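Visitor: Below is the structure I would like to discuss, written out as structure tokens.
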Amino acid sequence: MGVYCCSVFAFVLGVLVFASTLCVDGGSTSSFVRKVEKTIDMPLDADVFITPPGYNAPQQVHITQGDHVGKAMLVTWVTMDEPGSNTVIYWPQNSKKKRKAEGMLTKYSFFNYTSGFIHHCNLTHLRHDTKYFYSVGLDHTKRTFWFTTPPEVGPDVPYTFGLIGDLGQSYDSNITLTHYEMNPTKGETVLFVGDLSYADNYPNHDNRRWDSWGRFTERSTAYQPWIWTAGNHEIDFVPEIGEDEPFKPYTHRYPVPYKSSQSTAPFWYSIKRASSYIIILASYSAYGKYTPQYKWLEKELPKVNRTETPWLIVVMHSPWYNSYNYHYMEGETMRVMYEPWFIKYKVDVVFAGHVHAYERSERISNVAYNIVNGICKPIKDQSAPVYITIGDGGNLEGLATNMTEPQPDYSAFREASFGHATFDIKNRTHAYYAWHRNQDGYSVTADTMWFFNRYWNAKDESITSA
Ligand SMILES: *[C@@H]1O[C@H](CO)[C@@H](O)[C@H](O)[C@H]1NC(C)=O
Ligand SMILES: *[C@@H]1O[C@H](CO)[C@@H](O)[C@H](O)[C@H]1NC(C)=O
Ligand SMILES: *[C@@H]1O[C@H](CO)[C@@H](O)[C@H](O)[C@H]1NC(C)=O
Ligand SMILES: *[C@@H]1O[C@H](CO)[C@@H](O)[C@H](O)[C@H]1NC(C)=O
Ligand SMILES: *[C@@H]1O[C@H](CO)[C@@H](O)[C@H](O)[C@H]1NC(C)=O
Ligand SMILES: *[C@@H]1O[C@H](CO)[C@@H](O)[C@H](O)[C@H]1NC(C)=O
Ligand SMILES: [Fe+2]
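Put into structure tokens, the structure is as follows:
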């Protein structure tokens, strides 16, 4: 469906009133058409992949939330030449008192590649809402970074999340990351919807591309936590070359605090951060009835206390509602399993990736079908989440441009461009969402919407998008 949204211009007492959102059925496909170009990876000698100077200097530094409530931070880094030091020194700003945390070391091999020494260290008992400095490495190779801990969990705590997906390490990935960093309203934490390095697109999944990705993203991941979700490019299952342990590089490099939410595997877990409760689901682990993920989610959703954390956000890799001709209906089996719960527990928003383009849905559900009744069309549902596909980081495989026509009713807005988004929580009732193309000015938004919280303010917000 084209840009049919009824635009009504009316002169009322000399005042121009512009209403572009009167018709919400059918949605719109952006009139912005990005030039289709081949997506290529930056060469290994590109500036963004430079190794920090000095023997055994720590590299690929990244941080993620270390516990359930944001009082711990997991720090990871890699040393290439020898194990080196496992210690992180850290201190709050305005304090001379330094603390030390001891980490653990791991490494792995993949076909004929052997990783460097991967260090993981949990910084605990952090104060909320405090800037901390931390350093890793020894003597002349010591490197210092900083992060700010989230405010204490509570209902009206403002907080901004960045949304990035399917990033990869192409020239476009670099532009997307730069746009996120330069966005005047950038997030304080990134919710990453899966597909990190795309190393698996190289012969034998050349794992040097995991190292280069770690060095490339360090400029953001060392300073603000990225909350990780596993995508299909993290599976790395290649039995032909003897690699039959799925997710090996990913789990060795990107730890997550899954035990803090009683999860039994690092692919599904939850955290609280500020005023939000974030549930990460695994598109590539079993999710059918009786499986560990199913049992976990069944127990998890009733635990969410919307008085404490009004915003219930779900992140997964494979989208349930997607109207591009790529990965069409791949998320369908999981939708059939879990969608009734999302309605029952009033999930505010679901972020997914996988499809290399951008799309935002209406609030819709499709839960009435029971095989014999024929009721199988999505309907408007104010208890349903908004589904956002944001797999448009930059990847290596190119943009998804081919869309199903006509545009289905459930699709509110779609555009084949690279970009990122921010979800800016103001209080328990309002959050401002904005999507940015990676080729506009840093403050330009290409799709925006005021979210009204489904628990506290469940009004129809379909007129708040632009
Ligand atoms: C791994 O094998 C590939 C293909 O056989 C080869 O090009 C590459 O140099 C090897 N790498 C190492 C570290 O031996
Ligand atoms: C990546 O982006 C940064 C920041 O804009 C820039 O300095 C750098 O030259 C870019 N590198 C490549 C290979 O495009
Ligand atoms: C980090 O430490 C905190 C506080 O002791 C603990 O709750 C959490 O489980 C630890 N995280 C990991 C990943 O070990
Ligand atoms: C929900 O959270 C609020 C605010 O933290 C608290 O007062 C209340 O006891 C919690 N409810 C339950 C059922 O735990
Ligand atoms: C778009 O996808 C449809 C369905 O897979 C296919 O039939 C069509 O040829 C594709 N169009 C282009 C231009 O690739
Ligand atoms: C919540 O935030 C919205 C948007 O900034 C604002 O209009 C509203 O007044 C706020 N509500 C309260 C109770 O402060
Ligand atoms: Fe994917």
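Numbering (mature numbering (1 follows the signal peptide of the UniProt record, and there is no 0)), first residue to last: -21 to -1, 1 to 445.
Ideal Cβ positions, reconstructed from N, Cα and C, are used throughout, including at glycine.
Note that the structure is a prediction, hence the values are computed from the model and not measured.
With hydrogens ignored, establish whether the beta-carbon of Thr139 is closer than 7 Å to any heavy atom of ligand 6.
Guide: Flag unset: Cβ of Thr139 not near ligand 6.
Visitor: Against chain B, does Ala395 count as a neighbour if the rule is that its beta carbon must be under 8 Å from one of theirs?
Guide: Considering every chain present, this structure includes no chain B. It has just one protein chain.
Visitor: Expressed to the nearest angstrom, what Euclidean distance is found between the alpha-carbon atoms of Phe195 and Leu280?
Guide: About 36 Å.
Visitor: Using the C-alpha atoms, what's the distance from Asp60 back to Val315?
Guide: The straight-line gap from Cα to Cα measures roughly 49 Å.
Visitor: Which residues have a Cβ closer than 7 Å to any heavy atom of ligand 5, listed in chain order?
Guide: My final list is Asn304, Asn381.
Visitor: Secondary structure at Ile322, three-state DSSP: helix, strand or coil?
Guide: Of the three classes helix, strand and coil, the one that applies to Ile322 here is helix, per DSSP.
Visitor: What does a CB cutoff of less than 6 Å around Glu213 pick up in its chain, not counting 5 residues either side in sequence?
Guide: If we look at Glu213 and ignore the five residues flanking it on each side, its Cβ neighbours are Phe226, Tyr229.
Visitor: Helix or strand or just coil, what does DSSP make of Thr(-1)?
Guide: Reliability of the predicted coordinates at Thr(-1) is poor, the pLDDT of 34 falling under 50, and the value obtained from them is presented with this limitation in mind. Here Thr(-1) sits in coil by DSSP.
Visitor: From the DSSP output, which residues share a beta bridge with Lys75?
Guide: Its beta-bridge partners do not exist; DSSP assigns none.
Visitor: In this structure, does DSSP put Trp275 in helix, strand or coil?
Guide: In the structure shown, Trp275 sits in a helix (DSSP, three-state: H, G or I).
Visitor: Does DSSP put Gly133 in a helix, in a strand, or in coil?
Guide: In this structure, Gly133 counts as coil in the three-state DSSP scheme.
Visitor: Taking Cβ positions, are Gly63 and Leu117 nearer each other than 8 Å?
Guide: A contact, by the Cβ cut-off of 8 Å.
Visitor: In three-state DSSP terms, what is Cys184?
Guide: Note that residue 184 is His in the sequence shown here, rather than Cys. Helix.
Visitor: Determine the closest residue to Gly82 out of Asn65, Leu378, Ile143, Ala395, with distance taken between C-alpha atoms.
Guide: When each option's Cα is compared against that of Gly82, the closest is Asn65.
Visitor: I want to check one thing, is the minimum distance from the CB of Gly173 to the heavy atoms of ligand 7 below 7 Å?
Guide: Yes, ligand 7 has a heavy atom inside 7 Å of this Cβ.
Visitor: Just list the residues that DSSP pairs His409 with in beta bridges.
Guide: In the DSSP output, where bridge partners are listed per residue, His409 has Phe431.
Visitor: At what residue ranges does the stretch 210 to 267 contain a whole run of the alpha helix (DSSP H), taking only runs of 4 or more?
Guide: Listed in chain order, they are 227 to 232.
Visitor: CB-CB under 8 Å to Ala437, same chain, minus the five flanking residues each way: which ones, in chain order?
Guide: Excluding sequence neighbours, Ala437 sits near Lys325, Gln361, Ser362, Phe431.
Visitor: Using CA atoms only, rank isn't needed, just tell me which of Thr120, Ala51, Phe89, Phe140 is closest to Trp290.
Guide: Of Thr120, Ala51, Phe89, Phe140, the residue nearest in Cα terms is Phe140.
Visitor: Going by C-alpha to C-alpha distance, which of Val423, Asp419, His409, Trp207 sits closest to Asp439?
Guide: Ranking Val423, Asp419, His409, Trp207 by Cα distance to Asp439 puts His409 first.
Visitor: Alpha carbon to alpha carbon, how far is Phe124 from Tyr113?
Guide: Approximately 5 Å between the Cα atoms of the pair.
Visitor: Would you decide whether Asp426 is buried or exposed? Buried here means 16 or more other CB atoms lie within 10 Å of its CB.
Guide: Classification of Asp426: buried, given that the 10 Å Cβ count is 16 or more.
Visitor: Counting C-beta neighbours from all protein chains within 10 Å, is the total for Gln386 16 or more, i.e. buried, or is it exposed?
Guide: Per the 10 Å Cβ criterion, buried.
Visitor: The alpha helix (DSSP H) with Met83 in it runs from where to where?
Guide: Run containing Met83: none in the alpha helix (DSSP H); it sits in the beta strand (DSSP E), 83 to 85.
Visitor: Note down, in chain order, each residue of its chain lying with its Cβ closer than 8 Å to the Cβ of Ile322, except the 5 sequence neighbours on either side.
Guide: Within the same chain, Ile322 has close Cβ partners Ser344, Val346, Asp360, Ser362, Ala363.
Visitor: Compare the Cα-Cα distances from Ile358 to each of Arg342, Lys121, His98 and report the closest residue.
Guide: Cα-wise, what sits closest to Ile358 is Arg342.
Visitor: Relative to ligand 4, what is the chain-ordered list of residues with a Cβ closer than 6 Å to any of its non-hydrogen atoms?
Guide: Counting every residue whose Cβ lies closer than 6 Å to a heavy atom of ligand 4, we get Asn284, Thr286, Glu287.
Visitor: Hey, would you say residue 469 sits closer than 8 Å to Val329, going by beta carbons?
Guide: Residue 469 is absent from the model: the chain starts at -21 and stops at 445.
Visitor: Any heavy atom of ligand 7 closer than 7 Å to the Cβ of Asp179?
Guide: Asp179: no, Cβ never under 7 Å from ligand 7.
Visitor: Return the chain-ordered ranges of every beta strand (DSSP E) run that is complete within the stretch 29 to 117 and spans a minimum of 3 residues.
Guide: Whole beta strand (DSSP E) segments, 3+ residues: 38 to 44, 52 to 58, 66 to 71, 78 to 81, 83 to 85, 96 to 102, 110 to 115.
Visitor: Look at the Cβ atom of Ala336, then the Cβ atom of Glu394, and state whether they are nearer than 8 Å.
Guide: The answer is yes: Cβ separation under 8 Å.
Visitor: So the alpha helix (DSSP H) Thr155 belongs to, where does it begin and stop?
Guide: Thr155 -> alpha helix (DSSP H) spans 150 to 161.
Visitor: Applying the criterion that 16 or more other CB atoms from any shown protein chain within 10 Å of the CB defines a buried residue, is Ala445 buried or exposed?
Guide: Looking at its Cβ environment, which holds fewer than 16 other Cβ atoms inside 10 Å, Ala445 is exposed.
Visitor: Taking its Cβ as the centre, do 16 or more other Cβ atoms sit within 10 Å of Val136, making it buried, or is it exposed?
Guide: Looking at its Cβ environment, which holds 16 or more other Cβ atoms inside 10 Å, Val136 is buried.
Visitor: Buried or exposed for Asp46, going by 16 or more other Cβ atoms inside 10 Å?
Guide: With 16 or more other Cβ atoms within 10 Å, it is buried.
Visitor: Given a threshold of 16 other Cβ atoms within 10 Å of its Cβ, counted over all protein chains shown, does Gln39 qualify as buried or as exposed?
Guide: Its Cβ being crowded by 16 or more others within 10 Å, Gln39 is buried.
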